Amino acid sequence: MEELLRTNDITLIPLARAVLEDEGIDSFELDVNMSVLEGSIGILPRRLMVRSDELDDARRVLREYGVKFEG
């Protein structure tokens, strides 16, 4: 698994996951429980992971949909 994006924006991960799912790319969200523990004040970022062989396709798909992320 490779990190596709890391964000404190609570709306970005669900959007990215929906876009990737539509394209048949599986993703997995990390650090969800850590974010809950800190009280949902947005200090700790969440990470979205994809399979290593799908990383380039996932980045391309998100860019095509206008999803802004670093990477």
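If you read the sequence shown in full-length UniProt numbering, its first letter stands for residue 1, the second for the next number, and so on.
Cβ coordinates follow ideal geometry from the N, Cα and C atoms, glycine included.
Just so it is clear, the structure is predicted and the values come from calculations on it, not from any experiment.
- CB contact flag (arginine 59, leucine 12, <8 Å): Here the question's residue 59 lines up with position 59 in the sequence shown. Here the question's residue 12 lines up with position 12 in the sequence shown. The answer is no: Cβ separation not under 8 Å.
- Message: Please state whether the Cβ-Cβ distance between valine 61 and leucine 30 is less than 8 Å.
- Response: Here the question's residue 61 lines up with position 61 in the sequence shown. Here the question's residue 30 lines up with position 30 in the sequence shown. The answer is no: Cβ separation not under 8 Å.
- Message: In whole angstroms, give me the CA-to-CA distance for aspartate 53 and alanine 16.
- Response: For the purposes of this step, residue 53 is taken as the residue at position 53 of the sequence shown. For the purposes of this step, residue 16 is taken as the residue at position 16 of the sequence shown. If you take the alpha carbons of aspartate 53 and alanine 16, they lie about 18 Å apart.
- My understanding is that glutamate 2 touches leucine 55, with C-beta atoms under 8 Å, so please give their C-beta distance in whole angstroms. Against the sequence shown, residue 2 aligns to sequence position 2. Against the sequence shown, residue 55 aligns to sequence position 55. Yes, glutamate 2 and leucine 55 are in contact; Cβ-Cβ is about 5 Å, under 8 Å.
- Item | Reduced DSSP secondary structure (H/G/I, E/B, other) of arginine 51 | Counting from one through the sequence shown, the residue named residue 51 turns up at place 51. Arginine 51 falls in the coil class under three-state DSSP.
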